[in-house]
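There are 4 protein chains.
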Amino acid sequence: MMFASDNTGPAHPKVMEAVTRANDGYAMPYGNDALSGLAADAVRRLFEAPDAAVHLVATGTAANSLALGVMANPWDAVFCHRVAHVEEDECGAPEFFTNGAKLTLIDGADGKMTPEALARAIAHTGDKGVHGVQRGPVTITQITEVGTAYTLEEIRALTDVAKSFGLKTHLDGARFANACAALGCTPAEMTWKAGIDAVSFGGTKNGCLGVEAVVLFDPELSWEFQLRRKRAAHLWSKHRYLAAQMLAYVTDDLWLDTARAANARCAELAAALRAIPEARLLHDPAGNMIFAELPRGAHKRAMEAGAQYYLFPFQSSLEGPEDDLIRCRLVTDWSCKPEDVARVIDLWRG
Amino acid sequence: MMFASDNTGPAHPKVMEAVTRANDGYAMPYGNDALSGLAADAVRRLFEAPDAAVHLVATGTAANSLALGVMANPWDAVFCHRVAHVEEDECGAPEFFTNGAKLTLIDGADGKMTPEALARAIAHTGDKGVHGVQRGPVTITQITEVGTAYTLEEIRALTDVAKSFGLKTHLDGARFANACAALGCTPAEMTWKAGIDAVSFGGTKNGCLGVEAVVLFDPELSWEFQLRRKRAAHLWSKHRYLAAQMLAYVTDDLWLDTARAANARCAELAAALRAIPEARLLHDPAGNMIFAELPRGAHKRAMEAGAQYYLFPFQSSLEGPEDDLIRCRLVTDWSCKPEDVARVIDLWRG
Amino acid sequence: MMFASDNTGPAHPKVMEAVTRANDGYAMPYGNDALSGLAADAVRRLFEAPDAAVHLVATGTAANSLALGVMANPWDAVFCHRVAHVEEDECGAPEFFTNGAKLTLIDGADGKMTPEALARAIAHTGDKGVHGVQRGPVTITQITEVGTAYTLEEIRALTDVAKSFGLKTHLDGARFANACAALGCTPAEMTWKAGIDAVSFGGTKNGCLGVEAVVLFDPELSWEFQLRRKRAAHLWSKHRYLAAQMLAYVTDDLWLDTARAANARCAELAAALRAIPEARLLHDPAGNMIFAELPRGAHKRAMEAGAQYYLFPFQSSLEGPEDDLIRCRLVTDWSCKPEDVARVIDLWRG
Amino acid sequence: MMFASDNTGPAHPKVMEAVTRANDGYAMPYGNDALSGLAADAVRRLFEAPDAAVHLVATGTAANSLALGVMANPWDAVFCHRVAHVEEDECGAPEFFTNGAKLTLIDGADGKMTPEALARAIAHTGDKGVHGVQRGPVTITQITEVGTAYTLEEIRALTDVAKSFGLKTHLDGARFANACAALGCTPAEMTWKAGIDAVSFGGTKNGCLGVEAVVLFDPELSWEFQLRRKRAAHLWSKHRYLAAQMLAYVTDDLWLDTARAANARCAELAAALRAIPEARLLHDPAGNMIFAELPRGAHKRAMEAGAQYYLFPFQSSLEGPEDDLIRCRLVTDWSCKPEDVARVIDLWRG
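Chains as they are written, first to last, in the numbering used here: chain A, 1 to 350; chain B, 1001 to 1350; chain C, 2001 to 2350; chain D, 3001 to 3350.
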């Protein structure tokens, strides 16, 4: 009963087999091997973007930070939601990789920036000439940090605001597959067709060991990206092991299958929570992540039986009045077992 | 007949099996899993350094840059050999990670800084008060960039110079194992017993997929290292896959066995080259890397039969007078086959 | 009738005479001249801080950024008010000088952080271990950006919060003198006696050509400050010209006299605005700066007669309904003439 | 008898008078005043460059670092002479302002890079693809750090090498005027007509209080320069005081008159040293700076009588055998008195 994060699960067997298969004989380093070419091509096909630059890194923070690095000057603002991963969970990586750009925080319910708030922040940022930081890229998280999803129209509304100021947009897709599965749309529809200029296409949380593809729809950014990747120590010498993961991930819809499985488990959890009178969903879960409130007693029963997930505030105690409502985060991944879901639900019900 | 680099070979089966084994069930992320603890403990034991901080990253450049990051202020000099990897092959990663420290280049034959040259450079660096950059750490590459090895006495002589100025020392051990195998010494003897304060202990080039351990003998640097690692996007969420590699690598002397195999193949190549009248070794190879000169005709025969290795200057042509001497680099790894070695030798001999 | 800013006025004659006097014969460079020693001593005496390190720079942004540079790690948060100069008006200088620290914005009415909001932000910042940025210094602006002043108790309340988390505090005193004049307190009372660790003591806006003293009550930060100052190109070779200004400024209470004059003119403006029924003060002006609302017609009469000051939003038009209320900022400096004040008041009254 | 540096002397009376004159009434800040426009125009006329962007800063290190900042990416090499001020005397400011570019040191006698050495270094820098730093700008110091001057042909030979690789060139003209006076050429001839793209045109060492003009012959770099200047805290609010200095400096050939005076005194010193049998000029002095060797006894006589200048190595003792040759640096400025020159010569002669 592990619902702590989608990075606690194993890699999918097909991914692991691909890595093992790749471990045969010699291969040229630094992406100059056959698998690396195949993986990039496959990602381009997936995104229907034959001219896009596709580069692999091993962590989501690297994907985001390097993408923002080629999109933002040091003296620029980067616009993101107040609770975005780039703001809250990367120890200042965007500031490091951009040499000091300023993350400018946009409000919006359910983890989603509103176009109005974004437009206001951009307008405010640009009104001081040389004295203020300049307008830079907008970065959108999809699935959001609170488990919701922007609709395609909502994404388009944000990119329209950005474009109206001449700004570029990035999509942090650590849970990109879960969003596609939720919206029933294609990668192209969720990105360049909706006005997105660059994507961090996540694999790690959804069945890989550690690989993310950065897709730059403007290939002119490719060389600078490669220099920044090397300089940031994110260019793998034995690049085939990244490539093998990504290639397996995007082959035969594996990425979508794993996301659908995770989302299905999450939907089961959400349905159950909706049916528990004392429970409350804090947001409408779209993919594989739920924020909810449950009585302490329910948490206690589940956790004492082995369920693992985070309570908020961190380190909230299980000791205390049983009826107190305590917030929690629940995340499912591709490997999540229906019987574990059923069991935790039973435990909550008491 | 692949002698282009020690990053072209596969991971050792024991390492790959360990990764596959690690891919079972759930594990807490970011190094909070059992394997990660075991791996760090095993490295501490290997180095006879029970108090050392041990942290894993996936690339050698990350290991070096993060280690230098916790040792050098932005306004410091970092002293290294003129041809050090940190100077020549990392696209300025040390400058990026240190926020602009100045690599100060030390001369010395055979890729080895001399204590005299080092002392001179340090003394010169410190003589301008606030106007010049300040004295920072010394970083030593072992096996050197030209395939030689510092003796333990030579390492000690350099660290003595550093200590006499109150400076810290780092050892870039991308080929650490090859050096230990060559010198017949222990990791402790080659590092803290010889005055080294921090080590990049390489696994990638010697049988792993991609893992390096940074060993900080001063554990007080540990927390800053961890912050810098996260901020540089080098903290893996599914950390078990780094840990599994490193644990397998240091178990049952695998690291040493793979290095010995690579060194043995290299020694065979070197012996053959010494016996070819037209050939010349440019340095005395200690580990798994040779720089040599051979007639163009010898290179042509070998390469047309499928041998792969680099010529210098890069992209030297195989067309031209057969007797012209052309420099080359030859690198062996654990997987290098004796028959391939024998065959390339035969081809050179003509 | 110039009320656009306190950086539009001339230097006080005593300051200019001191600079002219300093321009005699030779003087050792980089602060090694007699005047520089005298100026630092005088500032130390003014602050009753015999052990403080005192360093001069030519701009307020340099003072703030260098002070924050020695107080914040690159991976730290710097806590400041949402409208602080360091956030809004320095084109990201704090991010540049700190190599990427994150300005974390605190709310509070009238330009003043509340202790509660500060405590909440600090607590939130520290709850993610290595994943989030770490807790760094708090910087307080006095006179605030909206012209109000923290009382000594309010400053103490903020520094108490900071200290309770083990954090350092900086005071951005671009209008330090105006605040002292307003509160009737000593520099020591407004700084170290209230828990402040470092101050940017402004001269430029209050009668100097361009000089600010950074006062570090912890002299252990002095050497790093000096290295950062040189590295940021803010160490003057002909340092005597900075020193002469600062020495004249703190001699015979000149700094206080000029601030009192500016504050007096500002009080006259405020009293008049309070008496105009259509006008409204947006904040209670403590020093030499007013934010107010006046009918467009009043602005038009004043500006067409030559009054200069900023309207908000920037470039608000004077064309339109005369009764519309339009916000404005009014700043006085030491050189502001009572007759100009009287005249603009008459013009507003119509 | 002050020969320690050209930053020990006072500002020229005409410059000081201009500053005093500028201290009258109100002036818009941040360069939006009349004097600032006049100063920029005057510099453009002086350089016969009507389209050039001209920006003022207060220190030479700021001028150099900001100019390099707009010319070099963080992952670039900056090519300079081994003893260049940017390498030796700025505490890593170029690395700070460029976010980590790598200064690549070029050899050459008499402080002058040779075209051959420059071409070799550039070629070497570019031969490693993404692994090495990339080719960036070349910066040339004129008057060099050892007091010599490049001829116009020598400058052209270096810029030709740079252009052949598609690289930009910067001229560090802290002693620009002394070089023009020495070569008898115009500013245009020494810069854009010789292939230079950007200049630090120094005023501080040659009669100003503290002002340098950065002249960018490519005005497209202007906006980024202004952002970097603000972000680095080098945009003066009371900009008129920088402008007044620069305007006076370039009016009626004052810059050239002061340089000629300094050069004349230097020539007198050089002629005398050539006539002293025990003395030796280490380089052929072109402007206002001499490196020479004299017996300890000569130094002792001069210094005990009050002469001030630096010995090398720093803090060489005046105690010891009188005949030992000890190196020294002698610098003259516009205010240097012929009788002081005559007297130190007499003292050396003994």
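We treat Cβ as the ideally placed atom computed from N, Cα and C, and that holds for glycine.
The three-state reading of DSSP puts Gln1134(B) in strand, counting E and B together. If you check the CB distance, Thr1159(B) and Ala1194(B) come in under 8 Å. Contact check for Ala2307(C) against Ala2182(C) fails: the beta carbons are separated by 8 Å or more.
Per DSSP, the beta-bridge partners of Cys3328(D) are Ala3292(D), Leu3311(D). Taking a C-beta cut-off of 8 Å against chain D, the contacting residues of the segment 124-135 of chain A are Val130, His131, Gln134, listed in chain order.
Residues of chain B with a Cβ closer than 7 Å to the Cβ of Lys2230(C) are, in chain order, Val1130, His1131.
If you check each beta-carbon in the segment 3070-3086 of chain D against every beta-carbon of chain A, the ones closer than 9 Å belong to Asn3073, Pro3074, Trp3075. For Lys2112(C), not one C-beta of chain A is nearer than 8 Å to its own C-beta.
By the rule that beta-carbons nearer than 8 Å mark a contact, Asn263(A) does not touch chain B.
Between the segment 3119-3135 of chain D and the segment 3050-3064 of chain D, the count of C-beta pairs closer than 8 Å stays below three; the two stretches do not touch. Cβ proximity to chain C below 9 Å picks out Trp1223, Glu1224, Gln1226, Leu1227, Arg1228, Arg1229 from the segment 1212-1229 of chain B. The DSSP assignment places complete alpha helix (DSSP H) segments of no fewer than 4 residues inside the segment 2223-2291 of chain C at 2240-2250, 2254-2275, in order along the chain.
Assigned with DSSP and collapsed to three states, Ala2123(C) falls in helix.
Put simply, of Ala3298(D), Met3001(D), Val3250(D), Phe3291(D) the residue whose alpha carbon is nearest the alpha carbon of Gly3147(D) is Phe3291(D). Annotated as proximal: Leu2256(C) and Ala2177(C), with beta-carbon spacing under 8 Å. Excluding residues up to 5 positions away in sequence, Thr141 lie with their Cβ nearer than 6 Å to the Cβ of Ala84(A) in the same chain.
In terms of Cα proximity to Leu3325(D), the closest of Ala3279(D), Asn3007(D), Leu3152(D) is Ala3279(D).
Taking C-beta atoms under 8 Å as the contact rule, Cys2328(C) and His2299(C) qualify, at a distance of about 7 Å. For the segment 3023-3056 of chain D, the beta-carbon criterion of a distance under 7 Å to any beta-carbon of chain C is satisfied by Asn3023, Asp3024, Gly3025, Tyr3026, Ala3027, Met3028, Pro3029. Leu1068(B) is outside the set of residues whose beta carbon lies under 8 Å from a beta carbon in chain C. Judged by DSSP secondary structure, Leu3183(D) falls within the alpha helix (DSSP H) whose first and last residues are 3176-3183.
For Asn3099(D), the closest Cβ of chain A is nearer than 8 Å. Take the alpha-carbon of Ala1302(B) and the one of Arg240(A): they are about 26 Å apart. Per DSSP, the continuous beta strand (DSSP E) segment holding Ile106(A) begins and ends at 102-106. Within the model, the alpha-carbon separation for Ser3005(D) versus Val3344(D) is close to 15 Å. Boundaries of the alpha helix (DSSP H) around Thr1061(B): 1060-1071. Scanning its chain for C-beta atoms nearer than 7 Å, with the 5 sequence neighbours on each side dropped, one finds around Ala3248(D) the residues Lys3014, Val3015, Ala3018, Leu3254, in chain order. Between Met1071(B) and Asn2073(C), the alpha-carbon positions lie close to 14 Å from each other. Under DSSP, Asp2076(C) takes part in a beta bridge, and its partners are Gln2134(C). Taking a Cβ-Cβ threshold of 9 Å, the residues of chain B close to Tyr241(A) are Ala1011, Leu1209, Gly1210, in chain order.
Scanning its chain for C-beta atoms nearer than 8 Å, with the 5 sequence neighbours on each side dropped, one finds around Ile3106(D) the residues Phe3079, Cys3080, His3081, Arg3082, Met3113, Thr3114, Ala3117, Leu3118, Ala3121, in chain order. Non-local beta-carbon contacts of Lys1102(B) in its own chain, meaning distances under 6 Å to residues more than five positions away in sequence, involve Ala1077, Val1133 in chain order. For Leu2235(C), the closest Cβ of chain B is nearer than 8 Å. For Ser200(A), no alpha helix (DSSP H) encloses it; the enclosing beta strand (DSSP E) starts and ends at 198-202.
Residue environment for Trp2223(C): exposed (fewer than 16 other C-beta atoms within 10 angstroms of its C-beta). Residue state for Ala2213(C) is assigned as strand, using DSSP reduced to three classes.
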